[in-house]
Structures are given as structure tokens and as C-alpha cells.
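Participant:
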Amino acid sequence: MKVSVIGTGYVGLVTGACLAETGNHVLCLDVDAKKIKLLNQGKIPIYEPGLEDIVKRNMAAGNLRFTTNVEETTEHGLIQFIAVGTPPDEDGSADLQHVMRAAATIAQHMREYKLIVDKSTVPVGTADKVRDHVQQILNERKINIPFSVSSNPEFLKEGDAVNDFMRPERIVIGVDDVKAAELMRSLYLPFNRRSDRIIVMDTRSAEMTKYAANAMLATRISFMNELALLAEKMGVDIESVRHGIGSDSRIGNHFLYPGCGYGGSCFPKDVQALRLFAKTQGHDLKILDAVESVNNNQKGVLLEKIIAKFGNDLSSKNIALWGLAFKPETDDMREAPSRKLIEGLWSHGAAITAYDPAAMNEARRIFGNDPRLRLVDSPMSALQGADVLVIVTEWKIFRVADFETIKQTLRYPAIFDGRNLFKPSEVRAKGLEYFSIGRI
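Okay, structure coming up:
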């Protein structure tokens, strides 16, 4: 099939590359000429394991191309994916201006039937708005061209997005006509051979499914974080509790890991957008109000523990920080707990030495050359001259720690672990103080 993808951000690039991997001819469009130039050189602007190999392989095979040419992109694809950003508006709701602009671009240049697919995370009713907008422009052009609009939300985990796309647990397709359903089924056939993972529904239900999924996962995280703080007060080991409830098949063990809060480009944005959208319908999602509040508070827990130990004045302290990205296997620092912690430590006078396997350049972009933050090239380098160690991201490299060296290197032998990487008894047996989230 010939497929066009508008937007080469995280979702668009993964979608385009993985569809090309199964033999489709994919043309990706972006208005950012510098980004397109990099992509045409085989350089990937985001960190995502496995993506660079797929991009290069399919570019070499002629299945994947990148352009800034709007007319060429519209002409190319029978199926037109819209995969542009929907950042929070001033009030926190999803900003649809890029989605509507992409739809307008298609409508202005299409000369034959197109299936327009919303891949971006969008509020319920967006497919209807896209359909009306496209039809309005066609009417203004005084031409009658048939088209369909589909909602096909992505369920990609940063750090495992290629695997999620190539081996999906489910493929949600929102359609309102038979032709669109048949085209989408054909497109996703290579990903659906062993068992039928395709779930077809109307567009509004598909749009809601994406928000509901992310809101549910965020709810589980905040629930466990609430329990973890209670566990600390009651002498309960939250890890034992997690095993106990996770073994129940009705609950399962996914997203039951307490920590220093969730971040990234999806959960914070989507929880907030769903809350605000519900309010426009006269309905308050009280659970999600609590989920967001708990998460905001949880991002401050590590700072509270540090202050409880050393007091409010941290001007004499140098903090070693392991982890900057909001999760492992990505360089994404959007809404990352590390950002709130860094700002909080600075407000109390501390200096920071940090290491992250992937997010160093992103940290430089965000914080510039602020002298209060020193970025180093290894976990152990971060410990040099540091008073204590704080762990914010659960990278695998951090899980195998030399506690003897850590103890000898730190001025004050203490670890503040925001991801519960270690058994408290083992760390303390090495002569280190260990502050975790809900462990005893």
C-alpha cells in the first residue's frame, strides 16, 4: 500500500518506519526542513531502541522516504496518517490546531479518494471535526471527492515502541464506513496473522479508548504511590504488598511499582486533557483529579526525604543524580520527576552532578550551561565529590551497583532510591543508609 504520514515526531516516525518494514511504500512529511534533512541522512532525532536500523534499512530498500513537499505527500498515499502533536493548550486541554491544519492540507490538495487516519491522541469527537473541516474545504473548492476518516490510536511505550508496533497486543480501529474498515484491516494484516488483534469500533469510542487506557495506567501508579507512603508510616513493605495483590489475576502486576511519580509525553498530558474534556461535558472525573494531585505530590517525595535528613539548607551539599529521563530506554525528559527534583534541590542551595545513559543532550537543551548542574559520562563519575546518591530513573545499568565503592566515594554514605531498585537489607548490610519508597 502507499501510505503518507504527516508528522515525523515520535509517533509518526515509528508508524512510518514500521509500516515500511512490512513492504508498504511510505512517505513521511514534516514542515521542519532541518529534521527532514537529518532523516534523509539516516540520522534519527529521537532515542528509540531499534528504530534507526529499521529507518535505514527501509530507506535503502526504497520503502521509506521523507519530504517537506505537501502536494507530493497528499498525492502519494491512499491512506493519510495524521501524527502531529496535540500539546496542552493554555487551559491544559488538547490543542488540535496541528491536527486540523494537517487535515486542511490533505483537503486542499487531494484529487481522489483518501482515507484520513487520526494517529495522534485526540479528544472524543475529533474525527467528526476533521471530517467536517475536510468537507468544508472540498465544498469551497467546488469539487466532490469521496473520503473517509478513521481513528487509529497508538499504544506505544517509549523505549519499546518498535516492538509494540510490530507485535501489538491490540489494534484499535475506529471507522464509520465499510471501505475504511477494509482498508485498515488490509494495512494491518501483517501484524495480525497469528491471532485477531484488531478491534473495530466507531471513531468516538476509539478516541475514548486511548484516553481511558492511559488514565487507567496512571491511576494504578498513583494508587500504589499512595499506598507506599502509607506503608512507610505503618512499617509495611510495599514490595510484599505488590506481590500479594499482583498475583491476583483480576489485578495483575503491571504498573504497580511505586516510585517518585510518572512523567513523559502521554500520562500527564492525557490525564489532564481527559479531566478537562469531561468538565466541558458537565462531568467531574474525581478519580483523575486525585491521580494528578497524587502524582504532583509524589514528584516531591525524594526532596522531602533529603530535607528530612539534612535540613532545609543544602548549600553545602553536592547531590549525585542517577537518571534524568522520565523512564529507561528513552531520552524524553518531558514532565520527568528529575526536573522537579533538580529545581527543588537548587531552591535549597544544592549542587548536582548527574548521569543518564540517553538524556544528557536533552538535559543540556533544557538547563543550558547552568553551573549548578554538572553532567558526567558515567554513573561512578557522578559520585566523585558527592555527598549522597539519588536514583530517579530505573536504567538497567543502575541495578548492578558496587555498594562498597559507593560507600567509599560518597561523603555521606546514603542512597535515596526513587525507583526501589535494591533490597533495603542488602544495601544497609554494606554500611549505607537507604531511603526508598515504601520499603522497610
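If you want my numbering, it's the position in the sequence shown, counting the first as 1, plus 20. For each residue, glycine too, the CB sits at the ideal point set by N, CA and C.
I'd like the span of the alpha helix (DSSP H) that includes Asn338, first residue to last.
Facilitator: Here Asn338 belongs to no alpha helix (DSSP H); instead the beta strand (DSSP E) covers Asn338 to Trp342.
Participant: In the DSSP assignment, find the beta strand (DSSP E) that holds His45 and state where it starts and stops.
Facilitator: It spans His45 to Leu49 - the beta strand (DSSP E) in which His45 sits, taken as one unbroken run.
Participant: Grouping DSSP H, G and I as helix and E and B as strand, with all else coil, what is Ile307?
Facilitator: In this structure, Ile307 counts as helix in the three-state DSSP scheme.
Participant: Using CA coordinates, which residue listed in Ala37, Val90, Ala114 and Glu41 is at the minimum distance from Ile64?
Facilitator: It is Ala37 whose Cα lies nearest to the Cα of Ile64.
Participant: Whose C-alpha, out of Val412, Phe275 and Val311, is nearest the C-alpha of Leu341?
Facilitator: That would be Val412, whose Cα lies nearest to the Cα of Leu341.
Participant: Can you name the residues that DSSP bridges to Pro101?
Facilitator: With the sequence shown as reference, residue 101 is identified as Phe, and Pro is not the correct amino acid for it. Its beta-bridge partners are Val25 and Val137.
Participant: Take Gly266 and list the residues in its own chain whose beta-carbon comes closer than 7 Å to its own, dropping the five residues that flank it on each side.
Facilitator: Only Gly272, Asn273 and Leu276 meet the Cβ criterion.
Participant: Looking only at C-alpha atoms, which of Glu68, Leu59 and Met21 sits nearest to Ala80?
Facilitator: Cα-wise, what sits closest to Ala80 is Leu59.
Participant: Using DSSP with H/G/I as helix, E/B as strand and the rest coil, what is Leu84?
Facilitator: Residue state, collapsed to three classes: strand.
Participant: In its own chain, which residues sit with a C-beta less than 6 Å from the C-beta of Ala181, not counting the 5 before and 5 after it?
Facilitator: Cβ within range, chain order: Val34 and Glu68.
Participant: Spell out the partners DSSP gives Ile193 in its beta bridges.
Facilitator: In DSSP, Ile193 forms a bridge with Val220.
Participant: Taking just the CA atoms, how far does Arg121 sit from Leu49?
Facilitator: One C-alpha to the other measures close to 13 Å.
Participant: Sort out for me which residues DSSP pairs Ile435 with in a bridge.
Facilitator: The partner list for Ile435 (beta bridge, DSSP) reads Leu409 and Tyr454.
Participant: Are the stretch 343-353 and the stretch 364-382 in contact at 8 Å, needing three or more beta carbon pairs?
Facilitator: Verdict: yes, contact present.
Participant: Assign Asp222 to buried or exposed, taking buried as 16 or more other Cβ atoms, counted over all protein chains shown, within 10 Å of its Cβ.
Facilitator: It is exposed - the Cβ of Asp222 has fewer than 16 other Cβ atoms within 10 Å.
Participant: Can you list, in chain order, the residues of its chain whose CB lies under 8 Å from that of Arg240, leaving out five sequence neighbours each side?
Facilitator: Only His274, Phe275 and Leu276 meet the Cβ criterion.
Participant: Note down the Cα distance separating Gly283 from Tyr231, rounded to an integer number of angstroms.
Facilitator: The straight-line gap from Cα to Cα measures roughly 16 Å.
Participant: Taking the alpha carbon of Ser171 as the point to measure from, which residue in Ser206, Leu203, Glu227 and Tyr133 has its own alpha carbon closest?
Facilitator: Here the closest residue by C-alpha is Glu227.
Participant: Relative to the alpha-carbon of Leu84, which residue among Val144, Val119, Gly32 and Arg459 has its alpha-carbon at the smallest distance?
Facilitator: Nearest option by C-alpha distance: Gly32.
Participant: In the structure shown, what three-state DSSP assignment does Glu167 receive?
Facilitator: Going by the sequence as given, residue 167 is Phe instead of Glu. Three-state result, Phe167: strand.
Participant: Name the two residues that bound the continuous alpha helix (DSSP H) containing Ala374.
Facilitator: First-last for Ala374: Ala371 to Tyr375, but that is the beta strand (DSSP E), not the alpha helix (DSSP H).
Participant: If I follow the unbroken alpha helix (DSSP H) through Leu39, where does it start and stop?
Facilitator: Tyr30 to Glu41 is the extent of the alpha helix (DSSP H) around Leu39.
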